[in-house]
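Since the structure comes first, as structure tokens, the remarks are kept for the end.
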Amino acid sequence: MQDTFRYIKQALGLAAQALFVSNPNPRVGCVLVAPDGLEIGSGHTQQAGGAHAEVMALRSAQEAGHSTQGATAYVTLEPCAHQGRTGPCCDALVAAGIGKVVASLTDPNPLVAGQGFARLRAAGVAVEVGPGAAESRELNIGFFSRMVRGIPWVRMKAATSLDGATALPNGTSQWITSPAARADGHAWRARACAVLTGIGTVLDDNPRLNVREVPTPRQPHVVVVDSQLQTPPDARLFMAGRACYIYAAIQNDEKKAALEASGATVICLPNAQGKVDLAAMLRDLAARGVNELHVEAGHKLNGSLLREGLVDELLIYMAPMLLGPGLGLAQVGPFEALAQGLKLDFMSVERLGPDLRIVARVPGHDTF
Numbered sequence: 001m002q003d004t005f006r007y008i009k010q011a012l013g014l015a016a017q018a019l020f021v022s023n024p025n026p027r028v029g030c031v032l033v034a035p036d037g038l039e040i041g042s043g044h045t046q047q048a049g050g051a052h053a054e055v056m057a058l059r060s061a062q063e064a065g066h067s068t069q070g071a072t073a074y075v076t077l078e079p080c081a082h083q084g085r086t087g088p089c090c091d092a093l094v095a096a097g098i099g100k101v102v103a104s105l106t107d108p109n110p111l112v113a114g115q116g117f118a119r120l121r122a123a124g125v126a127v128e129v130g131p132g133a134a135e136s137r138e139l140n141i142g143f144f145s146r147m148v149r150g151i152p153w154v155r156m157k158a159a160t161s162l163d164g165a166t167a168l169p170n171g172t173s174q175w176i177t178s179p180a181a182r183a184d185g186h187a188w189r190a191r192a193c194a195v196l197t198g199i200g201t202v203l204d205d206n207p208r209l210n211v212r213e214v215p216t217p218r219q220p221h222v223v224v225v226d227s228q229l230q231t232p233p234d235a236r237l238f239m240a241g242r243a244c245y246i247y248a249a250i251q252n253d254e255k256k257a258a259l260e261a262s263g264a265t266v267i268c269l270p271n272a273q274g275k276v277d278l279a280a281m282l283r284d285l286a287a288r289g290v291n292e293l294h295v296e297a298g299h300k301l302n303g304s305l306l307r308e309g310l311v312d313e314l315l316i317y318m319a320p321m322l323l324g325p326g327l328g329l330a331q332v333g334p335f336e337a338l339a340q341g342l343k344l345d346f347m348s349v350e351r352l353g354p355d356l357r358i359v360a361r362v363p364g365h366d367t368f
């Protein structure tokens, strides 16, 4: 049992190496151990369309000249059982003569969902499920959210002063937090499938919303909530090699054509109030393969997302300064009773340079 947890922990470390790489596929790691206890191969999921963790581990064993006959595969998610851009991993393990598979979790993808385990057992491969389940699920919380709830995991990021201001009354916000906090924020951007903002931020700041402070093999897509299609076709957020989704509440063929010429995909999803239907937007983004949605928006859009119960997690960088009256994190309330406030669970509080990074979740949102 001690060896099992050691190898699963190692596989989880490999899965973490896929954090910025594998979207929209899950982050998976695999370690192969021969019957004599020798570790013979390891790997993690590559970019979409590339090899999965099990195949990478089998390749590494083959390249090192090791036999995989009778070996045990320690993997952080059920080997897939369907033909996508790559072949079924369960079949690759069977063909390699693997004798046992120890997996952390059942894959929530309806195309797999136990079928990988069933095919392994049918081929005479022993299967054990459970070690490292909580860690693997946490690493893939966006993938599980998309597969189980049909919506991405929504993480709202903000940088604030100690008294909760995100900007001065004139809109100045650069920079409330330190370079260390900003670099960490870019790492959270990099792990997301897409970054969401509102038209107010686009018009006021003309942001790029890309990853610049940390190395990344891919840039997250960008999403703009733009009810009236006001996004300038020359906005800096348009970038080659990534998708740009603009959600509108009106049909305007001329504006749509101009934005699409810049590389955007324009989707019209109005609600009864003439604004973008945010819940429908999340469902649409999930259908487009978005696991984790990273929100960097102003207080109006933040407030709308929070009021509609669409935010799962807050990522707050708090600087040790007081700014007095200014713009806040989100336009919610005013409340008449403390019980009306949005309750959160602190997941972690860490120091980054002079600042604090707080990760807090809405209770119950991670129990799907």
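For the sequence shown, full-length UniProt numbering assigns the number 1 to the initial residue and increments by one for each residue that follows.
We treat Cβ as the ideally placed atom computed from N, Cα and C, and that holds for glycine.
A buried status is given to L237, since no fewer than 16 other beta-carbon atoms sit within 10 Å of its beta-carbon. Under the DSSP assignment, C89 falls in the alpha helix (DSSP H) whose first and last residues are 89–95.
Leaving aside the five residues that flank L323 on each side, the residues in its chain whose CB is nearer than 6 angstroms to its CB run, in chain order, S161, A165. By the C-beta density criterion, R182 is buried, having at least 16 other C-beta atoms within 10 angstroms. The shortest C-alpha to C-alpha distance from T4 to any of A133, A53, A96 is the one to A133.
For L105 and L12, the gap between their C-alpha atoms comes out near 12 angstroms. Cβ contact annotation for Y245 (same chain, cutoff 6 angstroms, sequence separation greater than five): V223, T265, in chain order. P169 is classed as exposed because its beta carbon has fewer than 16 other beta carbons within 10 Å across all chains shown.
With a cutoff of 8 angstroms on beta-carbon distance, L58 and T68 are scored as near each other. Straight-line measurement puts the Cα of D163 at about 42 angstroms from the Cα of A48.
Of T86, Q115, G298, N291, the smallest CA-CA separation from V332 is found for G298.
Put simply, of L293, N23, A61 the residue whose alpha carbon is nearest the alpha carbon of E39 is A61.
CA-to-CA, the gap between R218 and H52 works out to about 17 angstroms.
In the three-state reduction of the DSSP assignment, F143 falls in the helix class, which pools H, G and I. Taking each of Y317, V55, Q273, F346 in turn and checking the Cα distance to A180, the smallest one comes out for Y317. Restricting attention to beta strand (DSSP E) runs no shorter than 3 residues, the stretch 188–254 encloses them at 194–198, 221–225, 244–248, ordered along the chain. Within the same chain, V202, N206 come within 7 angstroms of A235 by CB-CB distance, once the 5 residues on both sides are set aside. As the crow flies, the alpha-carbon of L356 is around 6 angstroms from that of E350. Going by DSSP, E54 is part of the alpha helix (DSSP H) stretching over 53–63. In this structure, DSSP gives L77 a state outside helix and strand, which the three-state scheme calls coil. In terms of CA proximity to R119, C89 leads the group L342, C89, R189. The alpha-carbon separation between G263 and S22 amounts to approximately 23 angstroms.
Within the same chain, V195, V211, P220, H294 come within 7 angstroms of R189 by CB-CB distance, once the 5 residues on both sides are set aside. Between the alpha carbons of G65 and Y74 lies a distance of about 19 angstroms.
Restricting attention to alpha helix (DSSP H) runs no shorter than 4 residues, the stretch 273–329 encloses them at 278–287, 299–307, ordered along the chain. By a beta-carbon distance limit of 8 angstroms, G99 does not contact A122. Their separation comes to about 14 angstroms.
Ranked by Cα distance from G274, the first of G124, I176, Q251 is Q251.
Cβ atoms of L77 and A103 come within 8 angstroms of each other, at about 7 angstroms. Membership of G263 in any beta strand (DSSP E) is not indicated, and neither H nor E is assigned to it by DSSP. In this structure, the CA atom of H82 is about 29 angstroms from the CA atom of R6. The beta carbon of E313 lies closer than 6 angstroms to those of R155, R361 in the same chain, with the five residues before and after it left out.
Looking at L315, A272, G37, L327, the one whose alpha-carbon comes closest to that of D345 is L315. Annotation: I176 to K157 spans about 14 angstroms, alpha carbon to alpha carbon.
In this structure T216 is not in contact with L259, their Cβ atoms being roughly 26 angstroms apart against a cut-off of 8 angstroms.
Non-local beta-carbon contacts of I199 in its own chain, meaning distances under 8 angstroms to residues more than five positions away in sequence, involve V224, V225, D226, S227, Q228, Q230, T231 in chain order.
F117: not part of any beta strand (DSSP E); member of the alpha helix (DSSP H) spanning 115–122, first to last residue.
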